[in-house]
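Read the structure below first, then the notes.
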Amino acid sequence: MQRFREKHVLALIIWLGLALIAIFTLPNISQLVRDKGAISLPSNVESEVANKIQKMAAGGKSVRSLILVFNNKNGKITSEQSQQITDAANAVKSDASLHTNSVTSPGDNSAAKKQLTSDDKTTQMVMVTLPSKYKVRSQTDKLLTKIKTPGLRTYVTGNDILNEDFSTVTEKGLQKTEIIAAIFIFIVLIIVFRSLFIPIISLLTVGLSYLMSLNVVMNLADKYNFPISNFTQVFLVVVLFGIGTDYNILLYDRFKEEIKNGLDATAAARTARKHAGRTILYSGSSVLIGFTALALAKFEFYRSGVAVAVGVAILLAVLLTFNMFFMSMLGEKLFWPSKDLSAHDRSFLWNLLSKITLSHTFVMVGILVIAAIPLLFFGTQQLNFNNADELPDTVQSKAGYEVIQAHYPAGMSGPSTLYIESKKSLDNQKDLAELDDLTGYLNSEPGVKTVASVTRPSGDKIQQLYLKSQLGKLVNGLNQANYGLKKVQKGLTSANKQLASSNASQNAAQVQKLANGAKSLQAGAQQLSQGVSTYTAGVGQLSSGSQQLSRGASSLTSGVGQLQAGSQQVTSGIRQLQRRTSRIPSIRQSAGRLAAGSSSVTSGLGRLRSQSTPFASGLNRLNQGSSQLQQKSTTLTSGARSVASGSAQVNSGVQELNTKMKQLEAQTQKLQHGLTSANNALGQIDNGTNTVNNYLKQMQKSYLGNTFYMPADTVKSSSFTPSLDTFMSKNRKITNMTIVLTSDPSTTQSAKRIRTISSDVKARLKNTDLKNATVAIGGQSSQTADLQKTANGDFLRTVAIMLIGIGLALMIVTRSLVQALTIIGTLIVTYFGSLQITRWISGYLMARDMLTWNTPFFSFIMLIALGVDYSIFLMMRYRDDASAIPDVRRRILHSATIIGTVVISAAIILGGTFAALIPSNVLTLIQVATAVIVGLIILVIALPIIMSAMIKWTYPYVTDKMYQKKLEEDEKNHPTRRSKHSES
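For what it's worth, our numbering labels the leading residue of the sequence shown as 187, then goes sequentially.
In structure tokens, the structure reads:
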């Protein structure tokens, strides 16, 4: 049981058990990093406020925008290819599996064609908006399949897919890093220790630490939202494998030293852990404090560095327990096949540098100062915030991004969006005018290419909505009115002349005669009516009389006949009488006269009778005619009455005409006077319209011509509704403006421009009805501006916290304020120097003149947190040698000579581990690796110089107080050692 405990078998069992648990409980790291590892900004920064407003405008839905790029590398896109692009856009729109919110293609309208077609006509873009709840990778793959077009190069790009590809590239880079780092460490450890077991055991212990750390960090992130980033796993690998190997070297080197001194494996392991373990704990604590300090950062991306602190804590526990099993079990065999346990105990380089510094302190320090000046005071500090630069050109999203950069204004690859959220509806004349004025103002801002808004959906003015165009139409109308007025004037003049020459008085006299005639006509018609009535009565009497005459004529004829017969009888009787009285002369004469008279009567009656018959016949015809006439008399009477009535109406009308003619005569005179006055007035109106016309022309040419005015009916028209739907929310309380800059949206230049635009817009709206509206700018440039502000501000804060924490740890370790400050100062100068050299290397070898925005941060925490280890290694050895070497100068020289081998070996391993990041093809990782490697080289050279000079200047004439204290303790405990120490 004692052997079981001494050989630390329990530690082996525990760690192997934990390793198995870690393997089976490890979450899906790739998906977890994609879901929670993206850079997130504080919720109160402007770009995040814009995202919230955008989400409200979309009805609470989160969306992402992707750009479909079509490029003809052989020349301009043909009309047939344009139709194919339109068909591809329609196919995307109609694909239900994509759940597209909107698709805008050049084939939609002329405005879209102008914006989405490159100036050289070789490239077209289609803008697609999709729900962000679906995976961007699957969406991109489907889009790439849909948009394949013969003869054209097709790409899908956008911020989300670029970030997704960055995660993929980083993940693949991590796999390369792990393999390369393991191989490198294995080789270096073989060279350093000339052993086969040490590299295997070292990689096993560090690998176990990494597995345990990864499990803890990812489970915390999965269940408790522990901060992680795309770089968390990468830096866990390089830090744990780097410093873990360094600590192992320190521990194994001390173990080898104790074995060489004759201790058995168990005692040597215990002693090595006591002395080297203390150094490892001090050093690891400093690293732990440095990375733990990142928890106080406000920027979540910086806080993700706390994961390394978790890894360092687990690493320390594994190294100081798990290693004990192998050291106590293997003993000297740990270094097999090497048998020379004293090899590599001394560092020639550090011995030389420390010795020269102690002899020529000012010269050596002066050389360092001269070398540091150009590194500290020369070179640009501008950083690159373009995430696309992180990717190799072979990635399709990066290739599409570069096509946009090559064929469009730089800002087209990531337009910014200005959001204005009001408490009232904005679809009214006044607010639309304010928005258009703001659009024009933004268009005039330096660095702005185009601005599209609700009143300028294509980015250009709609001329019909401005007073210049409207005044132009009014001027044209006035010109036509003037022309019409002149024609009216001419007509009035002509009418006046005609009226003047019309002789209205003569016309009135003629009408008067007509009126007199009408009176006579009426009187005659009345008489005619009366005559017809009399005639009708006479006709009646005539008919009655003719009937009586007819009857009398019949009686007459009958009577005449009777009389004739009687007369004949009388004549006959008289003749008889005459014959009888012929003898009587007196009677015969009388009878003769009577007979003659009777014959005459008979003859007369005969003639009367012969005449009475025609008379009776005529009377019958007269009777018939009078009857017919009597029958027609009613119609004649009615006609006569109608004539009388019509003549009365004619007379009335003529009399009225006469009256009105008289009035017309008077009115004509007035009309003539009025026409003359009207003509004069029209002349004045003509002069007035000419004046107004000239005024409007001047207004049209002035600044007022650019004033926006939209009629109320146009605001509600169907032609304007699509623009409202595109640039306003459904409730019309949120509007947006798309701003395209002339510069790359991810550059600091664009970020600065967006900051200026944001402040200018808020100032512009301050004195308008929109003064209480919420204004925020979203998009890549705004995110870059916020990222720059957040990262830079929090970087300084985090640096201060980290330096204070490490400084306090150093003061505890070194028990000296001067030494702590010296070490901190050395690390800071090393950081700035390595950063500048990295910038030069990146410019010359990678054609990247700027460092990525997170390179300074990662370089700082790595160099400060890891670089402090080497200072602690040296100073802890310096403290341990206090009892053996009282002279501080000799002691620092001895400590540098002994610990130099460990530091150089550790630096090589740490540098090699970071060098494994270079094949990752991720620019940030390459630059951070370069900065750390350069910083390690600087530290390896500068540390023995700076620390030796510091010791010499700190203790120029006095004996080290630690040494005096140590002597007093030895005098009490071991009186015999006093003489030995004195002699030495």
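From the three backbone atoms N, C-alpha and C, an ideal C-beta is built for every residue, glycine too.
Quick check on Phe-534: buried or exposed, where buried means 16 or more other Cβ atoms within 10 Å of its Cβ? Counting Cβ neighbours within 10 Å, Phe-534 comes out exposed, since fewer than 16 surround it.
Whether or not the stretch 1020–1027 and the stretch 1056–1064 are in contact is what I'm after, with contact meaning three or more pairs of Cβ atoms, one per stretch, closer than 8 Å; do they touch? Flag = no, the stretch 1056–1064 and the stretch 1020–1027 do not touch.
Give the straight-line distance between the Cα atoms of Ser-789 and Gln-810, rounded to the nearest whole angstrom. Cα to Cα, the separation comes out at about 32 Å.
Can you tell me which residues form a DSSP beta bridge with Ala-962? As DSSP reads the structure, Ala-962 sits in a beta bridge with Tyr-605.
According to DSSP, simplified to helix, strand and coil, what is Ala-1070? For Ala-1070, the secondary structure class from DSSP, reduced to helix, strand or coil, is coil.
Give me the residue from Glu-607, Gly-1121, Gly-633 and Ile-1084 with the minimum Cα distance to Thr-940. What sits at residue 940 in the sequence shown is Ile, not Thr. Ranked by Cα distance from Ile-940, the options Glu-607, Gly-1121, Gly-633 and Ile-1084 are led by Gly-633.
Measure from the alpha carbon of Phe-421 to the alpha carbon of each residue in Ala-1101, Leu-539 and Ala-205, then state which is nearest. Nearest option by C-alpha distance: Ala-1101.
Taking the CB atoms as reference points, tell me whether Phe-370 and Ser-415 lie closer together than 7 Å. Inclusion of Phe-370 and Ser-415 in the CB contact set at 7 Å is not warranted, their separation being larger than that value.
Are Ala-197 and Phe-477 close, meaning C-beta to C-beta below 7 Å? The answer is no: Cβ separation not under 7 Å.
Helix, strand or coil for Val-231, going by three-state DSSP, please let me know. Reduced to three states, the DSSP call for Val-231 is coil.
My understanding is that Ser-318 touches Arg-250, with C-beta atoms under 8 Å, so please give their C-beta distance in whole angstroms. Between Arg-250 and Ser-318 the Cβ distance is about 4 Å, and since that is below 8 Å, they are a contact.
Under 7 Å Cβ to Cβ from Ala-274, same chain only, skipping five residues before and after it: list those, please. The answer, listed in chain order, is Lys-332, Ile-333 and Thr-335.
Where Leu-338 and Ser-304 are concerned, what is the direct C-alpha to C-alpha distance, given to the nearest angstrom? For Leu-338 and Ser-304, the distance between alpha carbons rounds to 15 Å.
Could you check what DSSP says for Asn-917 in three-state terms: helix, strand or coil? Shown here, Asn-917 sits in coil according to DSSP, grouped into three states, outside any helix or strand.
Look up Ala-638 in the DSSP assignment and give the residues it is bridged to. Thr-924, per the DSSP bridge assignment.
Residues of its chain near Thr-543, where Cβ-Cβ distance is below 6 Å and the 5 sequence neighbours each way are ignored: Within the same chain, Thr-543 has close Cβ partners Met-550, Ile-1131, Ser-1134 and Ala-1135.
Nearest neighbour of Arg-1064, chosen from Leu-1052, Ile-1050, Ala-1051 and Leu-1079 [CA to CA]: Residue 1064 is actually Tyr in this sequence, not Arg. Looking at the Cα atoms, Leu-1079 is the closest of the given residues.
How about Ile-475 and Ile-992: do their beta carbons lie closer than 7 Å? Judged by beta-carbon spacing, Ile-992 lies within the 7 Å limit of Ile-475, meaning their Cβ atoms are closer than that value.
Selection from His-194, Phe-485 and Ala-558 that minimises the alpha carbon distance to Met-513: Nearest C-alpha to Met-513: His-194.
If I measure Cβ to Cβ from Tyr-1143 and keep anything under 6 Å in the same chain, skipping five residues before and after, which residues do I get? With a pLDDT of 46 at Tyr-1143, under the threshold of 50, the modelled position of that residue is not reliable, and the figure given next carries that caveat. Excluding the 5 residues flanking it on each side, Tyr-1143 has no same chain C-beta neighbour closer than 6 Å.
From this set, Ala-709, Ala-407, Gln-935 and Arg-918, which residue's C-alpha is nearest Ser-838's C-alpha? The option with the nearest alpha carbon to Ser-838 is Ala-709.
Can you check the stretch 532–616 for any alpha helix (DSSP H) of at least 4 residues that lies completely inside it and give the ranges in chain order? At a cut-off of 4 residues, the continuous stretches assigned as alpha helix (DSSP H) that sit fully inside the stretch 532–616 are 534–545, 547–563 and 582–593.
DSSP three-state assignment for Tyr-468, whether helix, strand or coil: Helix at Tyr-468.
Out of curiosity, what's the CA-to-CA distance linking Met-1148 and Thr-1016? Model confidence at Met-1148 stands at a pLDDT of 49, short of 50, so the residue's coordinates are unreliable; what they give is reported in the following sentence. The alpha-carbon atoms of Met-1148 and Thr-1016 are separated by roughly 29 Å.
Pairwise C-alpha distance: Leu-1111 and Thr-603: The straight-line gap separating the alpha-carbon atoms of Thr-603 and Leu-1111 is approximately 31 Å.
Below 7 Å CB to CB, which residues in the same chain sit around Phe-485 once its five sequence neighbours on both sides are set aside? Here the set comprises Thr-976, Ala-977 and Asp-980.
Outcome for Tyr-438 when other beta-carbon atoms lying within 10 angstroms are tallied against a minimum of 16: Buried: at least 16 other Cβ atoms inside 10 Å.
Suppose contacts are defined by Cβ-Cβ distances below 7 Å. Is Ala-1128 in contact with Ser-540 by that definition? No, the pair does not count as a contact, with Cβ atoms beyond the cut-off.
Would you please state the rounded distance, in angstroms, between the beta carbons of Asn-922 and Tyr-627? I believe it to be under 8 Å. Not confirmed; about 16 Å, so no contact.
Over what stretch of residues does the alpha helix (DSSP H) that includes Phe-441 continue unbroken? Looking at the DSSP string, the run of the alpha helix (DSSP H) that includes Phe-441 is 418–446.
Given a cut-off of 7 Å, decide if Asn-509 and Thr-431 are closer than it, judged by their beta-carbon atoms. No, the pair does not count as a contact, with Cβ atoms beyond the cut-off.
Within the stretch 296–384, note down every full beta strand (DSSP E) run reaching 3 residues or more, in order along the chain. Runs found: 309–317 and 339–343.
If you follow the alpha helix (DSSP H) that Leu-1103 is part of, which residue opens it and which one closes it? Taken as a continuous stretch (DSSP letters only), Leu-1103 belongs to no alpha helix (DSSP H), as it is neither H nor E.
Going by C-alpha to C-alpha distance, which of Thr-272, Thr-942, Met-1062 and Val-312 sits closest to Arg-1001? For Arg-1001, the nearest C-alpha among the options comes from Met-1062.
Can you tell me the Cα-Cα spacing of Met-311 and Gly-261, whole angstroms? Rounded to the nearest angstrom, the two C-alpha atoms are 16 Å apart.
Considering Val-255, what are the terminal residues of the beta strand (DSSP E) in which it resides? 249–257 is the span of the beta strand (DSSP E), which, as asked, contains Val-255.
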